[in-house]
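Below is one structure, written out as structure tokens, with a few remarks after it.
Numbering (the working numbering), first residue to last: 416 to 1521.
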């Protein structure tokens, strides 16, 4: 980590540099990305001040042109895609494009052998191919051959892809694993390839010719790097190997120019630590400039080698564990390093010092926590067994993180800051343990009591009126209370205490708990969907019955903004026109008495005139009296469940009940049903009352104004399930979220739009929010206390969100039939226009129909409207058949854009466009069982083509069993067998071939032989011998049986040879087997082998005698 002074010095020294970095604002939107996949030589690429790298199954883009650098977005990411990215390369196909812009394309290879080429600006896929059958290990592109991308895989297969001509050449220079490759920046069509056996090969990729093979390394070649320019007028590159040697090669000679051995240990003040350090066999290299080469070291240091003096020096700062990737960016004069310590470090090439350090995440991001005591400290718990604390206030180190890992042995599933003690952070882990960290001193304490299953809930709460206890819930459904500072004492079982206090026969399994901000009540969620609200003595006072499935999250509204006088002042200022304007409740000069009803035991009475609040009633005459209902926010409880619903329930009446009777609440005050996945977290805004953020498994984070029932923001930046969301205490516009895409994302509400549902997911057909909030004065005014009330006002003010959230605000939708969503969405929206607009449509429709009746196809010219088009979709229902067809076409285009496949299938079937539906689905790889089932409507040929396309699609998605099934459905037995054969599933291929093909078909023997070769590679010789026997290859079967050379293997080979009367083959292994049996003292077996033999060697007499 760089110090503040170092960073300031770097800024001063770099100010004279020609490149001008773009400064970013505080709390800039960014992504803390997933850790780049380890030990992949080409996992990162740099060009024009941008970095692209593969983390898990996504490709991230990092902008080095900004200060600090910003990871802004994904270049590629698909929910549910399980194959990792293993190699990445930028491409710039147009040589005339300026070097100051984002590279035009990015190519990357996947673990399953897929190669994709995407357009960087739009993040859309341009082309892809599947010529590789195994994991891709390397990829490269050169500006000299700007239309060519080369890739290599584990089997040594190299694919040369001419993108412009879409031509693919498959070539295997050497039959060994390709570990790395790099195209020359100075020579056309020349590439260097490193292999797992230590060889380095220089090839001409146009002629498919091997030019040189260098064999000086004795272990796997890890990385290659060409000299940016000519080195001493020679074309040179450097290779780094697991044998800890680094060699500089001239492609025109057979020997290396220089050879350097990386030292095992570096001089260190902490000698004991350097001796204990684990040495990992890996070496990364980067040819930085003419005379300098960088290499990694097992200590985490980066070594800079001077070719002139043949000396090296260790660069200070940076990493503390092995660096496995190094890349240079000439545009910004910086180079980048990735390490096993999950840090991305950006270095100044001129100063050879680190200038920025960006943390990365190595597991699911399960939990976020912050505290008003330190609003700039963001803690997040991850699946990589670590807690990170991000200090967002440091302007010189925008990504400064403290890593907490000691005492944590498994995934961190939940974390929670103490509400009143600074720096105290509790955590719960996957193995059921609970602990507490002091973030400031890095001291930790692990509780001796633990849960039987993973810990999913933490809640700081009271014990004898002090907030010094940690309440935890595990997967087994038990609540434990740990006293802070006494974690070595056995925890109290709160579940048992609740059962005893409330005299219960049985208790449900607990899933979530949350203390109210005044610590007088605790809400406990259960797996059966109920919520219990208990007092500090664990007496149940209220039961909330608004969910049907397990409660995942609970959140009480905070008490930060319940200053009534401030609220009333703001209400009066912002609502003066409404109070004294068109409603004419009062006349100028009148004094208004306002009673503020908060649902609490006491009420506040304030006096107003047009100038604002008066401290006393004064001499004025009370002209009007108003009652303002101001919601008791402290009693609002938000809950999220597995039933995809979020409910906000006002439990003020239940908590203020003095009868000591259990009160049940069966209706929520507000219900949000816009999510299509389980709710993982709900959280109230600390800045604005009544604003709620929620995270869901549907991949979205939504922000709602609970008071008005309006959606404020919909964030869909994650490419998987979202586990957690958190508000920034320092900026009301900023939220943080994390999920199973291994990222922490910071984003602004003001930059998001609200969507009714996630565009890539099905819309939940549950009832939506009833937003009929009473914002106007009612007509029926009733007297209270003998005085005439002139009006009852429920105000809605954004700043303070004052509104009446009484009973009956939300309609009971559970007992009503669910309304089916219309397939004609655009038409429905057009029919919902204002009354005046609908009247205009009626006149236009009448004119159009009259013109059509008089002369066909003249309505468009006469009325200048096209019913069924994008402008007037609803009119297509009321005009001609052709216009109705046009309406369906318009609706289909809308469903295509929204990726609403089910609706699209129905409408395309309605208009009998089965062939168009199938063609579009086949091109987009979106065929499914429903489309295949409908394909016979287009005839036999269309059905057959559809089934074949679907089978190929299933094969690409690695659903081999289903793919083979669909090939068989159209009689393509050979293709069905090839699905298994090409993907290494030889057992399934043989089984299918045996029952479908004739016994003399040569394919059966070919499958047996291929299967045998695979089994030999897996060291499964006996099964391989069975395959050879089935294929009639007796010699091969005997040879592979004897391959291990032990007595039992040789004996088996001899017996098989005897069965087939192959005496020469049997004699070849007989004496070897007898020698081994004698050494093992197995006399009986040895004698049985020697009995048939007439001539016995002297060494075997002992066995004969025995």
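The C-beta atom is built at its ideal place from N, Cα and C for all residues, glycine as well.
Whole-angstrom distance between residue j and residue i, CA atom to CA atom
| i | j | result |
| --- | --- | --- |
| residue 1252 | residue 1282 | 15 Å |
| residue 922 | residue 893 | 10 Å |
| residue 696 | residue 1369 | 39 Å |
| residue 1182 | residue 901 | For residue 1182, the predicted structure reports a pLDDT of 31, less than 50, and the residue's modelled location is therefore unreliable. The matter cannot be settled from this model. |
| residue 612 | residue 1060 | 57 Å |
| residue 881 | residue 774 | 37 Å |
| residue 1302 | residue 1289 | 8 Å |
| residue 827 | residue 482 | 32 Å |
| residue 735 | residue 716 | 7 Å |
| residue 924 | residue 759 | 43 Å |
| residue 970 | residue 940 | 11 Å |
| residue 1409 | residue 1447 | 15 Å |
| residue 1256 | residue 1273 | 18 Å |
| residue 1471 | residue 1494 | 23 Å |
| residue 1396 | residue 1382 | 14 Å |
| residue 1389 | residue 1334 | 25 Å |
Span of the alpha helix (DSSP H), counted from its first residue to its last, around residue i
| i | result |
| --- | --- |
| residue 1325 | 1316-1325 |
| residue 1310 | 1296-1312 |
| residue 1443 | 1436-1445 |
| residue 1143 | Careful: residue 1143 lies outside any alpha helix (DSSP H) and carries neither H nor E. |
| residue 1417 | 1417-1432 |
| residue 1068 | 1067-1070 |
| residue 1241 | 1240-1245 |
| residue 904 | No alpha helix (DSSP H) holds residue 904; DSSP gives it neither H nor E. |
| residue 1344 | 1344-1349 |
| residue 758 | It is not in any alpha helix (DSSP H) - residue 758 instead sits in the beta strand (DSSP E) that spans 758-763. |
Option in the options with minimal Cα separation from residue i
| i | options | result |
| --- | --- | --- |
| residue 788 | 635, 759, 723, 854 | 854 |
| residue 844 | 1130, 838, 861 | 861 |
| residue 487 | 506, 471, 508, 449 | 449 |
| residue 1523 | 840, 516, 891 | Residue 1523 falls outside the range modelled here, since the chain spans only 416 to 1521, and no answer is possible. |
| residue 920 | 927, 912, 926 | 912 |
| residue 1260 | 1238, 1240, 1298 | 1298 |
| residue 585 | 591, 603, 602, 565 | 565 |
| residue 762 | 1067, 730, 781, 626 | 730 |
| residue 544 | 569, 581, 516, 518 | 581 |
| residue 1098 | 1086, 1123, 972, 1147 | 972 |
| residue 507 | 876, 462, 1451, 701 | 462 |
| residue 801 | 1472, 792, 757 | 757 |
| residue 1496 | 1481, 1310, 1462 | 1462 |
| residue 655 | 720, 649, 965 | 720 |
| residue 609 | 588, 624, 623, 622 | 588 |
| residue 960 | 1052, 896, 910 | 1052 |
Span of the beta strand (DSSP E) around residue i
| i | result |
| --- | --- |
| residue 1361 | Here residue 1361 belongs to no beta strand (DSSP E); instead the alpha helix (DSSP H) covers 1355-1371. |
| residue 1161 | 1159-1163 |
| residue 636 | 636-641 |
| residue 1277 | Looking at the DSSP string, residue 1277 is not in any beta strand (DSSP E); the run it does join, the alpha helix (DSSP H), is 1274-1278. |
Residue(s) in a DSSP beta bridge with residue i
| i | result |
| --- | --- |
| residue 940 | 927, 946 |
| residue 618 | 606, 625 |
| residue 576 | 564, 583 |
| residue 957 | 948, 1078 |
| residue 520 | 506, 534 |
| residue 1258 | DSSP lists no partner for residue 1258. |
Test: residue i CB closer than 9 Å to a CB of chain B
| i | result |
| --- | --- |
| residue 922 | In the displayed structure, chain B is absent; only one protein chain is listed. |
At least 3 beta-carbon pairs within less than 8 Å: the stretch 1162-1170 vs the stretch 813-822: no
Touch test, the stretch 1416-1436 against the stretch 1397-1407, Cβ-Cβ under 8 Å, three pairs minimum: yes
At least three beta-carbon pairs within less than 8 Å, the stretch 618-625 to the stretch 659-667: no
Meets three-Cβ-pair contact criterion under 8 Å: the stretch 452-471 and the stretch 551-558: yes
Validate contact between the stretch 726-746 and the stretch 458-468 using beta carbons, cut 8 Å, 3 pairs: yes
Inter-stretch contact (C-beta, 8 Å, three-pair minimum) for the stretch 1120-1128 and the stretch 1099-1106: yes
Stretch-stretch touch, CB-based, cutoff 8 Å, three pairs: the stretch 1140-1159 with the stretch 1074-1088: no
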